[in-house]
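Number of protein chains: 2
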Amino acid sequence: MSNNNLDNTAVVPTAVDETTTDPSDDQIVDPWTVSSKNGINYDKLIDQFGSTKIEPELIARFERVTGKKAHHFLKRGIFFSHRDLVEILDAYESGKPFYLYTGRGPSSGSLHFGHLVPFIFTKYLQDVFNVPLVIQMTNDEKFLWKDITLEESIQFTINNVKDIIALGFDIEKTFIFSNLDYVGTMYPNIVKIGKCITLNQIKGIFGFDDSNSCGKFAFPPVQAAPALPDSFPHIFSPSDPMTKSIRCLIPCAIDQDPYFRMTRDVAPRIGYLKPSLIHSKFFPALQGHNTKMSASDSNSAIYLSDTPKEVNEKITKHAFSGGRKTKEEHELYGANLEVDVSYEYLTYFLEDDELLKDIGDKYSSGKLLTSQVKNILIDIMIEINKRHQEARARVTDEITKTFMSVRKLNFAMPTIKK
Amino acid sequence: MSNNNLDNTAVVPTAVDETTTDPSDDQIVDPWTVSSKNGINYDKLIDQFGSTKIEPELIARFERVTGKKAHHFLKRGIFFSHRDLVEILDAYESGKPFYLYTGRGPSSGSLHFGHLVPFIFTKYLQDVFNVPLVIQMTNDEKFLWKDITLEESIQFTINNVKDIIALGFDIEKTFIFSNLDYVGTMYPNIVKIGKCITLNQIKGIFGFDDSNSCGKFAFPPVQAAPALPDSFPHIFSPSDPMTKSIRCLIPCAIDQDPYFRMTRDVAPRIGYLKPSLIHSKFFPALQGHNTKMSASDSNSAIYLSDTPKEVNEKITKHAFSGGRKTKEEHELYGANLEVDVSYEYLTYFLEDDELLKDIGDKYSSGKLLTSQVKNILIDIMIEINKRHQEARARVTDEITKTFMSVRKLNFAMPTIKK
Numbered sequence: 001m002s003n004n005n006l007d008n009t010a011v012v013p014t015a016v017d018e019t020t021t022d023p024s025d026d027q028i029v030d031p032w033t034v035s036s037k038n039g040i041n042y043d044k045l046i047d048q049f050g051s052t053k054i055e056p057e058l059i060a061r062f063e064r065v066t067g068k069k070a071h072h073f074l075k076r077g078i079f080f081s082h083r084d085l086v087e088i089l090d091a092y093e094s095g096k097p098f099y100l101y102t103g104r105g106p107s108s109g110s111l112h113f114g115h116l117v118p119f120i121f122t123k124y125l126q127d128v129f130n131v132p133l134v135i136q137m138t139n140d141e142k143f144l145w146k147d148i149t150l151e152e153s154i155q156f157t158i159n160n161v162k163d164i165i166a167l168g169f170d171i172e173k174t175f176i177f178s179n180l181d182y183v184g185t186m187y188p189n190i191v192k193i194g195k196c197i198t199l200n201q202i203k204g205i206f207g208f209d210d211s212n213s214c215g216k217f218a219f220p221p222v223q224a225a226p227a228l229p230d231s232f233p234h235i236f237s238p239s240d241p242m243t244k245s246i247r248c249l250i251p252c253a254i255d256q257d258p259y260f261r262m263t264r265d266v267a268p269r270i271g272y273l274k275p276s277l278i279h280s281k282f283f284p285a286l287q288g289h290n291t292k293m294s295a296s297d298s299n300s301a302i303y304l305s306d307t308p309k310e311v312n313e314k315i316t317k318h319a320f321s322g323g324r325k326t327k328e329e330h331e332l333y334g335a336n337l338e339v340d341v342s343y344e345y346l347t348y349f350l351e352d353d354e355l356l357k358d359i360g361d362k363y364s365s366g367k368l369l370t371s372q373v374k375n376i377l378i379d380i381m382i383e384i385n386k387r388h389q390e391a392r393a394r395v396t397d398e399i400t401k402t403f404m405s406v407r408k409l410n411f412a413m414p415t416i417k418k
Numbered sequence: 001m002s003n004n005n006l007d008n009t010a011v012v013p014t015a016v017d018e019t020t021t022d023p024s025d026d027q028i029v030d031p032w033t034v035s036s037k038n039g040i041n042y043d044k045l046i047d048q049f050g051s052t053k054i055e056p057e058l059i060a061r062f063e064r065v066t067g068k069k070a071h072h073f074l075k076r077g078i079f080f081s082h083r084d085l086v087e088i089l090d091a092y093e094s095g096k097p098f099y100l101y102t103g104r105g106p107s108s109g110s111l112h113f114g115h116l117v118p119f120i121f122t123k124y125l126q127d128v129f130n131v132p133l134v135i136q137m138t139n140d141e142k143f144l145w146k147d148i149t150l151e152e153s154i155q156f157t158i159n160n161v162k163d164i165i166a167l168g169f170d171i172e173k174t175f176i177f178s179n180l181d182y183v184g185t186m187y188p189n190i191v192k193i194g195k196c197i198t199l200n201q202i203k204g205i206f207g208f209d210d211s212n213s214c215g216k217f218a219f220p221p222v223q224a225a226p227a228l229p230d231s232f233p234h235i236f237s238p239s240d241p242m243t244k245s246i247r248c249l250i251p252c253a254i255d256q257d258p259y260f261r262m263t264r265d266v267a268p269r270i271g272y273l274k275p276s277l278i279h280s281k282f283f284p285a286l287q288g289h290n291t292k293m294s295a296s297d298s299n300s301a302i303y304l305s306d307t308p309k310e311v312n313e314k315i316t317k318h319a320f321s322g323g324r325k326t327k328e329e330h331e332l333y334g335a336n337l338e339v340d341v342s343y344e345y346l347t348y349f350l351e352d353d354e355l356l357k358d359i360g361d362k363y364s365s366g367k368l369l370t371s372q373v374k375n376i377l378i379d380i381m382i383e384i385n386k387r388h389q390e391a392r393a394r395v396t397d398e399i400t401k402t403f404m405s406v407r408k409l410n411f412a413m414p415t416i417k418k
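Those protein sequence lines, which keep their order, are chains A and B.
Residues in the first sequence are numbered consecutively from 1, following full-length UniProt numbering.
Residues in the second sequence are numbered consecutively from 1, following full-length UniProt numbering.
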């Protein structure tokens, strides 16, 4: 997986036709490029990708089937799109097994808050469904795409895995693997997938050309393979004829969808079910929707390793404000929540719906100033960071090793609901 | 590796310009295609590939340095071309370590005599140099290129490995591995190689196009990786800084050279020495130089599993004769040894130089008839087959498992010669 967010150095401004009449036409979203002039148009992305919008009815069914409250990421449209999520709810309802698969391309030593989004949601799904989870660390991909050594990508992997574990994944039900270590076990499925996809298709899906390395062309089947359950013979019995029909649900940022469109095309041709997907929006950079979080600009994102002082400074100085130019104007017209980064961050990290609504109402009507909203956000982010750093400090090398060891998982398949 | 001989179903007549004035121009040799109208012109191949002919001086030096008699495959020009073989002799002479690497694409259940050629010679080299040997079974390649299942390619692998072991490789010094099992350990080197080669280069070297599967484009680094010594951490200590500078010598049929031209290009760029190569000619089909041994025509080759009766029939009926049309003509003009398959087979399998010369002299002067030469060959081939089948019967599953297990090898690095 690439980073699910905008910190990829490969995210460069892409040549677009400046004469285009539809300004939303210039958005480009793939695993290596997320760019747009006017912010991503997510409805348009759903059209482009052919996925399905998550409507309130589906969320209601999710709550009915699971008996659990929908996560605020779902209710607030942060996870906004899906493919065959209904099949997963059907499977859960009828007691059929499935598992979760997500991943991360370890491109730097420390994660930022944007990186957390798919993992926070994945942990929620694991808690709700009580199913196994596999997390692929694509250090091979990062090595192939970036100017780093294998050794660096391995070091990033360990650091990132500790941050992921700190989110509270169940050690009994979660297998985290580094491609550089684990690819061998998936190799039979990798060649099966690789045999099915022509170079023409790879080029069409990912936009590679003949000047790219053959390593890059070899990679898509590696990210596809974990969506096939028998890529994990230690988790799902290879001798059980039912193993191949275990479903997979992939929570990820929508830029990863091309990999799984490809996977969904191939899976039925080699005897598997299509994996289901649930897509998140992109977590914005502090500077606003149209900017990118960049590993080379540490002020574009809040890192999990930032001190309270750094969190305070970054939000105070850099979080793009939807407030008005003067206090008088602001009190008259209120803030534009659509572009206000502090408010958007609150939609991610302030779980209390009523409080969020209250802040939104007051801010958009001018009763709250940007500085006040920023202070609310700063308190929340410092608290989350503090808790995260404490949790991460408890993640020992031993615990990390266990999460990453090839072992049986201890999970109950869902039972049939009344 | 592909089969080192002409039994590949991918060896199809290739479109060539019929108007070409130089009839030798139509020869095409790559890992999947060996075709020519007038027999392969090996001198021309050396020119095309940029390798070096093995001259008598080099053979003399080989004998001097090793203190061993040159194998008749060397003396008779069956191994006829090389790259940097001199570097290996230098290394041996100065007590520097190196290892041997060869391989086989297991495309059918039983091997024929042509398949044996690189292995017979490799065993000789192992005996002479007393160095470790790694044998790659490219069942992934066969699955990617042919209409077979993974399960079939795995079954072929085991059958072929037993035939290989039966040739007498030293269990203490030989590691035989199936790519489907072992690729994980080589994966760090595979991605390092893959990062260095563009698609343009792959297309130039192998002639793939965009309608080929991405699995095929992913394969060349997999065949290259065993030429890097740290692909075998159980054999060559990964913590020893000298490991990366251990040389590798690859005995193979010349159709495999494109893989290793690529490897030789990449190796120095990622910190390794270029592997050395020693190339064999193609073992001819019974029907003659311009025909191919085909898995779909069992009469085109003598298989190691053939009965004495089958060996007798195949040679009697199908071995292309350089003899004359009538007995009278034959006694007058003698046989054309250049095109006589029985005589050529004798150059492979009749070790006695004097006897071979005597047969050649008498046959080419008409004193021996084709039927008499065929009878000599039949006796030899039946004897070799018998011995091979007996040896193969002694190759138990346990022995096979040991050869294929990831383990330390027990070998002495060469010592400095006086």
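Even glycine gets a Cβ: it sits at the ideal position worked out from N, Cα and C.
With 16 as the cutoff for other CB atoms within 10 Å, does residue 268/B come out buried or exposed? Classification for residue 268/B: exposed.
How many Å lie between residue 373/A and residue 347/A at the Cα? Roughly 12 Å separates the two Cα atoms.
Who are the near neighbours of residue 337/B in its chain, counting only those whose CB is closer than 7 Å to its CB and skipping five residues on each side? Result list for residue 337/B: 322, 343, 360, 363 and 364, in chain order.
At least three beta-carbon pairs within less than 8 Å, the region 63-77 of chain A to the region 190-205 of chain A: no
Below 8 Å, how does it come out for the region 177-191 of chain A and the region 112-129 of chain A: are there three or more Cβ pairs, yes or no? no
Chain A beta carbons: is any one of them nearer than 8 Å to that of residue 21/B? At residue 21/B the pLDDT is 40, less than 50, meaning the model places this residue with poor confidence; the figure from the coordinates comes in the next sentence. Chain A places no beta carbon closer than 8 Å to that of residue 21/B, leaving this residue out of the contacts.
Against chain B, with Cβ distances strictly below 8 Å, would residue 385/A count as a contact? no
Would residue 195/B pass as an interface residue toward chain A - the criterion being a Cβ-Cβ separation below 8 Å? yes
Nearest to residue 34/B (by Cα), restricted to the options 249/B, 253/B, 223/B and 137/B: Minimum Cα distance to residue 34/B is reached at 253/B.
For chain A, check one thing: does any of its Cβ atoms lie closer than 8 Å to the Cβ of residue 183/B? yes
Local conformation of residue 210/A per DSSP, three classes: coil
Let me confirm a value: residue 224/B is counted as buried when at least 16 other C-beta atoms fall within 10 Å, else exposed. Which label applies? So residue 224/B counts as buried.
Measure the alpha-carbon distance for residue 19/B versus residue 306/B and round it to whole angstroms. Residue placement at residue 19/B is poorly supported in this model, since its pLDDT is 35, which falls under 50; the coordinates are not used for a value here.
Counting Cβ pairs, one atom from each stretch, are 3 or more of them under 8 Å apart for the region 405-414 of chain A and the region 89-104 of chain A? yes
Just mark residue 406/A as buried or exposed, buried being the case when its beta carbon has 16 or more other beta carbons within 10 Å. exposed
What is the C-beta distance between residue 230/B and residue 216/B, in whole angstroms, given that I count them as a contact (C-beta under 8 Å)? About 26 Å; that fails the 8 Å criterion.
Quick one: any contact between the region 268-282 of chain A and the region 79-92 of chain A, if contact means 3 or more CB pairs under 8 Å? Under the three-pair Cβ rule at 8 Å, the region 268-282 of chain A counts as touching the region 79-92 of chain A.
Pick from 174/A, 124/A and 309/A: whose alpha carbon is nearest that of residue 133/A? Here the closest residue by C-alpha is 174/A.
Does any C-beta atom of chain B lie closer than 8 Å to the C-beta of residue 230/A? no
Segment contact, 8 Å Cβ cut-off, at least three pairs: the region 156-174 of chain B with the region 183-197 of chain B: no
Starting from residue 91/B and walking both ways along the alpha helix (DSSP H), at which residues does that stretch end? 85-93
Strand pairing of residue 251/A, partner residues [DSSP]: 278/A
Below 7 Å, is the gap between the Cβ of residue 224/A and the nearest heavy atom of the ligand ADP? No copy of the ligand ADP occurs in the structure displayed, which carries no ligand at all.
Short of 7 Å in beta carbon distance, which residues of its chain neighbour residue 493/A, apart from the five on each side in sequence? Order them along the chain. As displayed, chain A neither begins before 1 nor continues past 418, which places residue 493/A out of reach and without an answer.
Entirely within the region 271-358 of chain A and at least 4 residues each: give me those alpha helix (DSSP H) ranges in chain order. 308-318, 327-333 and 341-349
Residue-chain proximity (residue 105/A, chain B), Cβ-Cβ < 8 Å: no
Excluding the five sequence neighbours on either side, which residues of its own chain have a C-beta within less than 7 Å of the C-beta of residue 144/B, listed in chain order? 213, 215, 216 and 219
Residue nearest to residue 340/B in terms of C-alpha spacing, selected from 324/B, 353/B, 354/B and 331/B: Checked all of 324/B, 353/B, 354/B and 331/B; the closest Cα to residue 340/B is 324/B.
Going by the beta-carbon positions, is the gap between residue 105/A and residue 141/A smaller than 8 Å? In this structure, residue 141/A lies closer than 8 Å to residue 105/A by Cβ.
Starting from residue 187/A, find everything on chain B with Cβ-Cβ shorter than 8 Å and list it in chain order. 140, 179, 180, 183 and 184
From 188/A, 190/A, 183/A and 282/A, residue whose alpha carbon lies closest to that of residue 188/B: 183/A
Give the DSSP bridge partners of residue 53/A, in chain order. Paired residue(s): 81/A.
Three-state secondary structure assigned by DSSP to residue 223/B: helix
Pull up the distance between the alpha-carbon of residue 308/B and that of residue 382/B, whole angstroms please. 5 Å
In the DSSP assignment, what are the bridge partners of residue 137/B? 104/B and 178/B
Quick check on residue 23/B: does DSSP put it in helix, strand or coil? Because the pLDDT at residue 23/B is just 46, under 50, the model does not fix this residue reliably, and the value given afterwards should be weighed accordingly. It is helical.
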